[in-house]
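Just below is one structure, and these are the notes that go with it.
Residue numbers (this note's numbering): 17 to 464.
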């Protein structure tokens, strides 16, 4: 199109672009030192120097404890922070924003920083993630025995990238839909160097079982979710896409429509009974570390466990625990309503989400489902503990169509380890235990 313009119009366009670039370069030069300083303080755990860089609202949300949690999570999920490689300036509703690309050992993360008129940081968040793939195949995987088909699926407005792993040979094949735990997970449920959902998909496909996995809605549509934090519910976050995945698989020729199974891990396992309720197309359920206790109690126990690992709970950590205790009480209070501020509730999650989960007991709902189930638990799991597993046992232990297995050496990712589990363990490269892959494949092939 540009070639059809007159020469002077081209000159004018170039002049305008050059001017815009000059403004952008000036703004980048203005904000760049603050962003570099912030990232250096965060990566070097020099947290006390960050609050003075923030406006009052951001400083209230990001105390030293919260900054430490962010830093720890970044380290064990993405590795060491190396450098800032890209800067872009944007103006949005009179706010100056600087977007950067940061190189970590295992990923490249995009951040957005928002500044107020006093050049204080009013907010920052992750806007993109590109993993560096160092994945090594587990010994139980035979990549020559299956192929993968990538496409998109989803309800209107929430399309998601997905991959169907299909065994080679004559079908149709039974299929398993993988449903993630909490957080903006990718299709592999990547955590640090580990990809448990890829392990499961490739392990089962090597045993003549197709697997459907997808990037979670909160990852693919991260920016959209950030604009609607007050209305997020478990259905919107997780349940709706799992139901749509089952529906999508019905029309794929290689799939045995009478053998569609759904596997949920962690939060996904907790929500499995809701996903399966009323869906006759789902043949059976596989619960991996599915929580049964109230979500707020699990959060509190996880934080308390992590803080107690060094046998010392500092004054600041005690204050944080008291704050969380107060937030947990707010969730359980009869006064909880849609008007309750999210800042008064655990993890700053909106009241609608907590009200949705109130009185939800997945093990009790599962009792009402006429579907076979396989329930798996690692003894070393500190996130969803053996206490959760006991409630599954109590509710479903007498049913002949329900199998339950627990593994003494496995953690929340169903990977082997020794001693007490801790978050740093997720930094160690591993794979879902072959015992688990064999248990799932054996159980599926037994279903008539």
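We put the beta carbon where it would ideally sit given N, CA and C, even for glycine.
Quick caveat, the model's predicted, so the values are computed rather than measured.
Q. Alpha carbon to alpha carbon, how far is residue 265 from residue 232?
A. By 1-based counting over the chain shown, the position of residue 265 is 249. By 1-based counting over the chain shown, the position of residue 232 is 216. The alpha-carbon atoms of residue 265 and residue 232 are separated by roughly 17 Å.
(Q) Taking 8 Å as the threshold (C-beta atoms), are residue 284 and residue 6 in contact? (A) Nothing in the structure corresponds to residue 6, since the chain is present only between 17 and 464.
Q: Give the straight-line distance between the Cα atoms of residue 335 and residue 157, rounded to the nearest whole angstrom.
A: The residue given as residue 335 occupies position 319 in the chain shown. The residue given as residue 157 occupies position 141 in the chain shown. Near 47 Å, if we compare the C-alpha coordinates of residue 157 and residue 335.
**Q.** residue 100 versus residue 49 - alpha carbon distance
**A.** Residue mapping note: residue 100 aligns to position 84 of the chain shown, counting from 1. Residue mapping note: residue 49 aligns to position 33 of the chain shown, counting from 1. For residue 100 and residue 49, the distance between alpha carbons rounds to 11 Å.
Q: Starting from residue 138, follow the alpha helix (DSSP H) in both directions and report where the run begins and ends.
A: Start at 1 with the first residue of the chain shown, and residue 138 comes out as number 122. Taken as a continuous stretch (DSSP letters only), residue 138 belongs to no alpha helix (DSSP H), being part of the beta strand (DSSP E) at 137-147.
(Q) Using a Cβ-Cβ cutoff of less than 8 Å, which residues in the same chain neighbour residue 30 once the five nearest sequence positions on both sides are dropped? (A) Mapped onto the chain shown, residue 30 falls at position 14. Because residue 30 carries a pLDDT of 40, less than 50, the predicted location of this residue cannot be relied on, and the following value inherits that uncertainty. Within the same chain, residue 30 has no close Cβ partners at all.
Q) Taking the alpha-carbon positions, what's the residue 178 to residue 159 distance? A) Here residue 178 refers to the residue found at position 162 of the chain shown. Here residue 159 refers to the residue found at position 143 of the chain shown. The alpha-carbon atoms of residue 178 and residue 159 are separated by roughly 19 Å.
Q: Within its chain, find whatever has a CB closer than 6 Å to the CB of residue 7; leave out the 5 residues flanking it on each side and keep chain order.
A: The question about residue 7 has no answer here: the residues shown for the chain are numbered 17 through 464.
Q. What is the C-beta distance between residue 325 and residue 438, in whole angstroms, given that I count them as a contact (C-beta under 8 Å)?
A. Taking the first residue of the chain shown as position 1, residue 325 is located at position 309. Taking the first residue of the chain shown as position 1, residue 438 is located at position 422. Rounded, the Cβ-Cβ distance is 5 Å, consistent with contact.
**Q.** Rounded distance between the beta-carbons of residue 137 and residue 126, thought under 8 Å
**A.** If you number the chain shown from 1, residue 126 lands on position 110. If you number the chain shown from 1, residue 137 lands on position 121. About 16 Å; that fails the 8 Å criterion.
Q) Can you name the residues that DSSP bridges to residue 280? A) The count along the chain shown starts at 1 and reaches residue 280 at position 264. DSSP, once it has assigned bridges, lists 195 and 303 as partnering residue 280.
Q.
Helix, strand or coil, according to DSSP, for residue 233 in the structure here?
A. Against the chain shown, residue 233 aligns to sequence position 217. Looking at residue 233 - three-state DSSP - the assignment turns out to be helix.
Q. Based on Cα-Cα distance, which residue from 170, 168, 317 and 93 lies nearest to residue 145?
A. Mapped onto the chain shown, residue 145 falls at position 129. With distances taken between Cα atoms, residue 145 lies closest to 93.
Q: Kindly indicate which three-state DSSP category residue 183 falls into: helix, strand or coil?
A: Within the chain shown, residue 183 is the residue found at index 167, counting from 1. Strand at residue 183.
Q) When we look at the beta-carbon of residue 68 and count the other beta-carbons within 10 Å, is it buried (16 or more) or exposed? A) Position 52 of the chain shown holds residue 68. When all chains shown are included, residue 68 counts as exposed.
Q.
Please give the ranges of any alpha helix (DSSP H) in the segment 360-432, keeping only runs that are unbroken, at least 4 residues long and fully inside the region.
A. 367-373, 378-383 and 402-412
(Q) Tell me which residues share the same chain as residue 220 and place their Cβ nearer than 7 Å to its Cβ, disregarding the 5 neighbours each side in the sequence. (A) Residue mapping note: residue 220 aligns to position 204 of the chain shown, counting from 1. Excluding sequence neighbours, residue 220 sits near 192, 227, 453, 456 and 457.
Q: Given a cut-off of 8 Å, decide if residue 236 and residue 147 are closer than it, judged by their beta-carbon atoms.
A: Reading the chain shown from its first residue, position 131 is the one you call residue 147. Reading the chain shown from its first residue, position 220 is the one you call residue 236. Taking 8 Å as the Cβ cut-off, residue 147 and residue 236 do not qualify as a contacting pair.
Q.
Given a cut-off of 8 Å on the beta-carbon distance, is the pair residue 379 and residue 154 in contact?
A. As a working note, residue 379 is residue 363 in the chain shown. As a working note, residue 154 is residue 138 in the chain shown. No. Outside cutoff.
Q. Looking at the structure shown, is residue 99 part of a helix, part of a strand, or coil, going by DSSP?
A. Within the chain shown, the letter at position 83 stands for residue 99. Three-state DSSP puts residue 99 in a strand.
Q: Within 10 angstroms of the Cβ of residue 170, are there 16 or more other Cβ atoms? Answer buried if so, exposed if not.
A: Translated into positions along the chain shown, residue 170 becomes position 154. So residue 170 ends up on the buried side.
Q: Kindly indicate which three-state DSSP category residue 455 falls into: helix, strand or coil?
A: Taking the chain shown and counting its residues from 1, one reaches residue 455 at position 439. Looking at residue 455 - three-state DSSP - the assignment turns out to be helix.
Q) Looking at C-alpha atoms only, which residue of 190, 168 and 152 is the closest neighbour of residue 209? A) Numbered from its first residue, the chain shown carries residue 209 at position 193. Among 190, 168 and 152, the Cα nearest to that of residue 209 is on 152.
Q. Touching or not, the segment 363-380 and the segment 405-421, by the rule of three or more beta carbon pairs under 8 Å?
A. yes
Q | Length of the line joining the Cα atoms of residue 212 and residue 432 | A | Here residue 212 refers to the residue found at position 196 of the chain shown. Here residue 432 refers to the residue found at position 416 of the chain shown. The alpha-carbon atoms of residue 212 and residue 432 are separated by roughly 12 Å.
Q.
Once the 5 residues before and after residue 340 are set aside, which same chain residues still bring their CB inside 8 Å of it?
A. For the purposes of this step, residue 340 is identified with residue 324 of the chain shown, where counting begins at 1. 315, 316, 319 and 362.
Q) Can you tell me the Cα-Cα spacing of residue 355 and residue 55, whole angstroms? A) Residue mapping note: residue 355 aligns to position 339 of the chain shown, counting from 1. Residue mapping note: residue 55 aligns to position 39 of the chain shown, counting from 1. Answer to the nearest angstrom: the Cα atoms are 35 Å apart.
Q: Between the Cα of residue 110 and those of 215, 121, 133 and 252, spot the shortest distance and give me the residue it belongs to.
A: The residue you call residue 110 lines up with position 94 of the chain shown. Closest option to residue 110, Cα to Cα, is 133.
Q.
According to DSSP, is residue 297 part of a helix, a strand, or is it coil?
A. For this step, residue 297 is matched to residue 281 along the chain shown. Three-state DSSP puts residue 297 in coil, outside helix and strand.
Q: Could you have a look at residue 244 and say whether DSSP puts it in helix, strand or coil?
A: Reading the chain shown from its first residue, position 228 is the one you call residue 244. Correct three-state label for residue 244: coil.
Q: Would you check if the distance between the CB atom of residue 426 and the CB atom of residue 394 is smaller than 8 Å?
A: By 1-based counting over the chain shown, the position of residue 426 is 410. By 1-based counting over the chain shown, the position of residue 394 is 378. Yes, they are a contact pair.
Q: Given a cut-off of 8 Å, decide if residue 303 and residue 392 are closer than it, judged by their beta-carbon atoms.
A: The sequence position of residue 392 within the chain shown is 376, counting from 1. The sequence position of residue 303 within the chain shown is 287, counting from 1. The answer is yes: Cβ separation under 8 Å.
Q. What does residue 350 pair with, by DSSP beta-bridge criteria?
A. Here residue 350 refers to the residue found at position 334 when the chain shown is read from its first residue. Answer is none; residue 350 lacks a bridge partner.
Q: Within its chain, find whatever has a CB closer than 6 Å to the CB of residue 204; leave out the 5 residues flanking it on each side and keep chain order.
A: Translated into the one-based positions of the chain shown, residue 204 becomes position 188. Same-chain partners within the cutoff: 211, 213 and 214.
Q. Does the separation of the CB atoms of residue 390 and residue 419 fall below 8 Å?
A. To locate residue 390, count along the chain shown from 1; it is residue 374. To locate residue 419, count along the chain shown from 1; it is residue 403. Yes.
Q) In whole angstroms, what is the alpha-carbon distance linking residue 360 and residue 176? A) The residue given as residue 360 occupies position 344 in the chain shown. The residue given as residue 176 occupies position 160 in the chain shown. Taking the straight line joining both Cα atoms gives about 32 Å.
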